[in-house]
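**Student:**
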Amino acid sequence: MSWAEISLAAQASSARVARRFVRSTLEQWSLGSLSANAELMVSELVTNVVLHARTDLVVRLGLRSTATVTLLRVGVHDGSRRPPRTMRYSDLAATGRGMRIVRALASDSGVQTEADGKTVWFELVVPTGAGTVSAP
(Lines of atoms letter the chains of each structure in order from A and count residues from 1; the text may use other names and numbers.)
(Lines give C-alpha, C1' and ligand atoms only; values in the text may rest on other atoms or scores of the structure.)
Protein backbone atom coordinates (compact mmCIF):
# COMPACT_ATOMS: atom_id res chain seq x y z
CA MET A 1 0.00 0.00 0.00
CA SER A 2 1.29 3.45 -0.86
CA TRP A 3 0.86 6.01 1.91
CA ALA A 4 2.06 9.38 3.17
CA GLU A 5 1.40 11.36 6.33
CA ILE A 6 2.08 14.68 8.00
CA SER A 7 1.71 15.70 11.65
CA LEU A 8 0.35 19.16 12.40
CA ALA A 9 -0.46 21.31 15.41
CA ALA A 10 -4.01 22.55 15.93
CA GLN A 11 -3.56 26.05 14.55
CA ALA A 12 -5.21 28.18 11.89
CA SER A 13 -2.45 27.56 9.32
CA SER A 14 -2.84 23.77 9.52
CA ALA A 15 -5.63 23.62 6.91
CA ARG A 16 -3.42 25.43 4.39
CA VAL A 17 -0.45 23.16 5.14
CA ALA A 18 -2.68 20.07 4.82
CA ARG A 19 -3.99 21.24 1.42
CA ARG A 20 -0.44 21.74 0.16
CA PHE A 21 0.56 18.31 1.46
CA VAL A 22 -2.38 16.64 -0.29
CA ARG A 23 -1.69 18.49 -3.54
CA SER A 24 2.02 17.64 -3.48
CA THR A 25 1.42 13.98 -2.64
CA LEU A 26 -1.22 13.54 -5.33
CA GLU A 27 1.04 15.21 -7.89
CA GLN A 28 3.87 12.81 -6.93
CA TRP A 29 1.46 9.90 -7.35
CA SER A 30 0.23 11.29 -10.72
CA LEU A 31 -3.26 11.72 -9.27
CA GLY A 32 -3.63 15.46 -9.76
CA SER A 33 -7.17 14.99 -11.09
CA LEU A 34 -8.28 14.16 -7.53
CA SER A 35 -6.54 17.14 -5.97
CA ALA A 36 -9.28 19.80 -5.97
CA ASN A 37 -11.87 17.68 -4.16
CA ALA A 38 -9.32 16.04 -1.86
CA GLU A 39 -7.88 19.43 -0.87
CA LEU A 40 -11.33 20.86 -0.15
CA MET A 41 -12.33 17.89 1.99
CA VAL A 42 -9.06 17.67 3.94
CA SER A 43 -9.31 21.40 4.60
CA GLU A 44 -12.80 20.92 6.07
CA LEU A 45 -11.67 18.02 8.28
CA VAL A 46 -8.54 19.80 9.54
CA THR A 47 -10.55 22.94 10.26
CA ASN A 48 -12.97 20.83 12.31
CA VAL A 49 -10.06 19.52 14.39
CA VAL A 50 -8.69 23.02 14.95
CA LEU A 51 -12.09 24.45 15.94
CA HIS A 52 -13.60 21.55 17.87
CA ALA A 53 -11.09 18.87 18.95
CA ARG A 54 -8.26 21.38 19.52
CA THR A 55 -5.59 18.67 19.51
CA ASP A 56 -2.58 17.93 17.35
CA LEU A 57 -3.51 15.98 14.25
CA VAL A 58 -2.15 13.66 11.59
CA VAL A 59 -3.22 13.69 7.94
CA ARG A 60 -2.74 10.32 6.20
CA LEU A 61 -3.17 9.50 2.53
CA GLY A 62 -3.19 5.97 1.20
CA LEU A 63 -4.05 4.00 -1.89
CA ARG A 64 -5.83 0.69 -1.67
CA SER A 65 -7.27 -1.59 -4.29
CA THR A 66 -10.32 -3.78 -4.25
CA ALA A 67 -11.14 -6.37 -6.88
CA THR A 68 -12.66 -3.69 -9.10
CA VAL A 69 -11.30 -0.27 -8.15
CA THR A 70 -8.42 1.66 -6.63
CA LEU A 71 -9.32 4.11 -3.88
CA LEU A 72 -7.57 7.12 -2.39
CA ARG A 73 -8.24 7.20 1.35
CA VAL A 74 -7.55 10.38 3.30
CA GLY A 75 -7.83 10.36 7.07
CA VAL A 76 -7.45 13.10 9.66
CA HIS A 77 -6.62 11.76 13.12
CA ASP A 78 -7.04 13.84 16.28
CA GLY A 79 -6.83 13.23 20.00
CA SER A 80 -10.56 13.53 20.75
CA ARG A 81 -12.83 10.49 20.81
CA ARG A 82 -15.94 12.65 20.38
CA PRO A 83 -17.48 12.02 16.93
CA PRO A 84 -18.06 14.93 14.57
CA ARG A 85 -21.59 16.29 14.46
CA THR A 86 -23.47 17.74 11.53
CA MET A 87 -24.86 21.04 12.74
CA ARG A 88 -27.75 23.03 11.31
CA TYR A 89 -26.88 26.62 10.47
CA SER A 90 -28.64 29.27 8.42
CA ASP A 91 -27.83 29.45 4.73
CA LEU A 92 -25.94 32.68 5.43
CA ALA A 93 -23.69 31.22 8.15
CA ALA A 94 -19.97 31.01 7.41
CA THR A 95 -19.64 27.67 9.19
CA GLY A 96 -21.31 24.30 9.59
CA ARG A 97 -20.96 22.74 6.16
CA GLY A 98 -17.76 20.68 6.48
CA MET A 99 -19.15 17.20 7.03
CA ARG A 100 -21.91 17.78 4.47
CA ILE A 101 -19.29 18.74 1.88
CA VAL A 102 -17.27 15.61 2.65
CA ARG A 103 -20.31 13.33 2.38
CA ALA A 104 -21.39 14.99 -0.88
CA LEU A 105 -18.01 14.69 -2.63
CA ALA A 106 -16.60 11.42 -1.28
CA SER A 107 -17.36 7.98 -2.65
CA ASP A 108 -17.38 6.87 1.00
CA SER A 109 -16.58 8.42 4.38
CA GLY A 110 -16.68 7.58 8.04
CA VAL A 111 -15.25 7.83 11.52
CA GLN A 112 -13.03 5.29 13.22
CA THR A 113 -12.71 5.62 17.00
CA GLU A 114 -9.36 4.55 18.41
CA ALA A 115 -7.77 4.37 21.87
CA ASP A 116 -5.97 7.68 21.34
CA GLY A 117 -8.72 9.58 19.52
CA LYS A 118 -10.50 9.21 16.21
CA THR A 119 -9.85 9.31 12.50
CA VAL A 120 -12.37 10.95 10.20
CA TRP A 121 -11.77 9.65 6.69
CA PHE A 122 -13.02 9.83 3.13
CA GLU A 123 -12.36 7.91 -0.05
CA LEU A 124 -12.25 8.95 -3.68
CA VAL A 125 -12.25 6.55 -6.61
CA VAL A 126 -9.01 6.73 -8.60
CA PRO A 127 -9.85 7.08 -12.31
CA THR A 128 -8.92 4.03 -14.37
CA GLY A 129 -5.40 4.36 -15.72
CA ALA A 130 -4.51 7.28 -13.43
CA GLY A 131 -1.42 7.33 -11.27
CA THR A 132 1.94 5.66 -11.35
CA VAL A 133 2.02 4.42 -7.77
CA SER A 134 1.14 0.77 -7.44
CA ALA A 135 -1.38 -0.16 -4.80
CA PRO A 136 -2.06 -3.69 -3.54
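Number 93 in this note's numbering belongs to position 76 of the sequence shown; there are no gaps in the numbering. Backbone N, C-alpha and C define an ideal beta-carbon position, used for all residues, glycine too.
(1) DSSP beta-bridge partners for R81?
(2) DSSP state of V129, grouped into three classes?
(3) Is it right to say S31 is buried, meaning 16 or more other beta carbons lie within 10 angstroms of its own, or is it exposed?
(4) Short of 6 Å in beta carbon distance, which residues of its chain neighbour A70, apart from the five on each side in sequence? Order them along the chain.
(5) Report back the beta-carbon spacing between V34 and M58 to the nearest angstrom; my notes put them in contact at under 8 Å.
(6) Helix, strand or coil, according to DSSP, for A29 in the structure here?
(7) Would you kindly work out how many angstroms separate the C-alpha atoms of V75 and R120, rounded to a whole number?
(8) How is the beta strand (DSSP E) around G134 delimited, first residue to last?
(9) Let's see if you can read the secondary structure: which residues bound the alpha helix (DSSP H) around L68?
**Tutor:** From the atom records:
(1) The partner list for R81 (beta bridge, DSSP) reads L88.
(2) The identity of residue 129 in the sequence shown is Gln, whereas the question assumes Val. In the structure shown, Q129 sits in a strand (DSSP, three-state: E or B).
(3) buried
(4) D95, S97
(5) Actually they do not touch by this definition, with Cβ atoms about 15 Å apart.
(6) coil
(7) 20 Å
(8) 134-142
(9) Taken as a continuous stretch (DSSP letters only), L68 belongs to no alpha helix (DSSP H), as it is neither H nor E.
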